[in-house]
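>
Residue numbers (the working numbering): 7 to 240.
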């Protein structure tokens with residue numbers, strides 16, 4: 007099973023162009039079975055095509071998708087469409103939910119997407135896709151705590167957390183911080199960075215994307231192949 011976390015930056019490359027085929031090529035090259043996407047507008051349309059970009063890309067990749075809205079409108083973007091996280095997968099999607107995290111004054115509203123997948127194993131796999139605050143550690147910690155409070159309601163189930171955590175390392179917070187202790191107690195095991203194999207599709211300045219796997223995944227986690235990158239240089 008191959009996993010990818012990818013911030014598509016409002017559908018735009020660093021050249022400012024929107025090119026769905028180019029974005030799809032990145033995902034195809036990764037060989038991902040599950041791809042977590044951040045900064046997605048949906049349903050975003052291009053003048054030359056009345057079909058939403060996310061649908062076009064899913065069709066090109068022969069994958070199914072689900073979108074989780076965090077903002078109904080992003081004021082500084084060119085697409086007048088809802089904004090949030092998305093998941094593309096080759097597996098059958100059994101159920102999906104979208105949740106908002108704690109609302110922090112002066113900060114962009116963040117949320118996470120929950121999708122339950124049938125991967126052919128005895129138990130379904132739950133995948134969470136999120137995008138944390140990019141400026142303040144205190145905001146990220148509050149968002150993590152908010153997310154964990156919701157996740158723990160679902161019980162101890164095999165799951166993954168993927169996304170742009172905007173953290174230089176999965177454990178770049180002091181272990182004495184209460185919110186990090188809650189993260190560890192919830193049974194999350196860091197399987198990114200130096201402790202896991204990953205493939206860099208493009209060079210990146212900073213690695214702020216991470217994949218967290220629950221301990222319930224056991225040996226299955228060892229079969230994962232992680233692909234991640236920060237900024238794709240087209």
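Glycine included, C-beta positions come from ideal geometry on N, C-alpha and C.
Would you tell me roughly how many angstroms separate the C-alpha atoms of residue 165 and residue 107, rounded to the nearest one?
The alpha-carbon atoms of residue 165 and residue 107 are separated by roughly 19 Å.
> Just the C-alpha distance for residue 139 and residue 114, rounded to the nearest angstrom, thanks.
Between residue 139 and residue 114, the C-alpha separation is close to 7 Å.
> Which residue marks the beginning of the alpha helix (DSSP H) containing residue 114, and which one marks its end?
That residue, residue 114, is in no alpha helix (DSSP H); it is neither H nor E in DSSP.
> In three-state DSSP terms, what is residue 152?
In this structure, residue 152 counts as helix in the three-state DSSP scheme.
> If we count the other Cβ atoms within 10 Å of its Cβ and call it buried at 16 or more, is residue 36 buried or exposed?
By the neighbour-count rule (16 or more Cβ atoms within 10 Å), residue 36 is buried.
> Based on Cα-Cα distance, which residue from 17, 34 and 40 lies nearest to residue 52?
Among 17, 34 and 40, the Cα nearest to that of residue 52 belongs to 17.
> In the DSSP assignment, find the alpha helix (DSSP H) that holds residue 31 and state where it starts and stops.
That run of the alpha helix (DSSP H) goes 26-36.
> Helix, strand or coil for residue 125, going by three-state DSSP, please let me know.
Residue 125 falls in the coil class under three-state DSSP.
> Out of curiosity, what's the CA-to-CA distance linking residue 153 and residue 118?
Cα-Cα distance, rounded: 8 Å.
> Would you kindly report the start and end of the unbroken beta strand (DSSP E) that includes residue 165?
It spans 165-170 - the beta strand (DSSP E) in which residue 165 sits, taken as one unbroken run.
> Specify the secondary structure class of residue 89 as computed by DSSP and reduced to three states.
Three-state result, residue 89: strand.
> Taking the straight line between their C-alpha atoms, what separation do you get for residue 15 and residue 49?
Using only the alpha carbons, I get a separation of about 15 Å.
> Mind reading off the beta-carbon distance from residue 42 to residue 11? Whole number of angstroms is fine, and I expect it under 8 Å.
About 5 Å; that satisfies the 8 Å criterion.
> Comparing C-alpha positions only, which one of 129, 156 and 9 sits nearest to residue 163?
If we check each option's Cα against that of residue 163, 129 comes out closest.
> What's the C-alpha gap between residue 141 and residue 112?
If you take the alpha carbons of residue 141 and residue 112, they lie about 11 Å apart.
> If you draw a straight line from the alpha carbon of residue 145 to that of residue 168, how long is it in whole angstroms?
The alpha-carbon atoms of residue 145 and residue 168 are separated by roughly 18 Å.
> Going by C-alpha distance, which of 135, 116, 32 and 172 is nearest residue 149?
Here the closest residue by C-alpha is 116.
> On the three-state DSSP scale, how would you describe residue 159?
Correct three-state label for residue 159: helix.
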